[in-house]
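Residue 149 is where the sequence shown starts when you use this note's numbering, and the numbers rise one by one after that. Even for Gly, the Cβ is constructed at its ideal location relative to N, Cα and C. Working notes, structure below.
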Amino acid sequence: MPIVTPDLCDDYPEVLVVEPGFSNFGAMDAFGGEIVTVKCFEDNSVVKEQVALPGNGRVMVVDGGGSKRAALLGDMLAEKAADNGWAGLIIYGCIRDVDVIGKTPLGVQALGTHPRKTEKRGVGDLNVPVTFGGVTFHPGHYVYADNNGIVVSEKPLRTD
């Protein structure tokens, strides 16, 4: 089923729309699913733990504090996420290895790219509400993303 965020905004005027600033990097231009949240800052330990678990079509929303000093996702974690059934990741921060991620069957949106990986200090929070782009993302709510933007809903939306 195609995800087209302008159509979702037309059909569901109550959806929340994330402020512009994200770019699409994954091979899947459009993706959506139930939200799992990670809150971390320049440490992707929790992201690494989560991509190793079954994604079941969910979307990981990562609040990296908007940092542009290190990448919270690289090719190995993206491939693991795709292999484990994650629909995608939305990262309020940077990623790296974009050429490989662009060929990985996964939705990935982020603020930009950075070649440096994060330190692994085991710091981060899982499934807490996170706020960025003018929207609060709640675990268990739903997010949909494409080249037009990102929308959030409390309930799953029909995308056909």
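Asked	Found
In DSSP terms, what LEU164 is bridged to	VAL300
According to DSSP, residues forming a beta bridge with CYS242	ALA219, GLY260
Neighbourhood of GLN257 by C-beta distance below 6 angstroms, restricted to the same chain and skipping five residues each side	PHE170, ASN172, ILE238, ALA293
Pairwise C-alpha distance: ASP158 and ASP231	33 angstroms
Pair within 7 angstroms by beta-carbon distance, VAL207 and ILE243	no
Residue burial classification, THR279 (beta-carbon count within 10 angstroms, cutoff 16)	exposed
Cβ-Cβ separation, ASP273 to LYS187 (assumed contact under 8 angstroms), whole Å	4 angstroms
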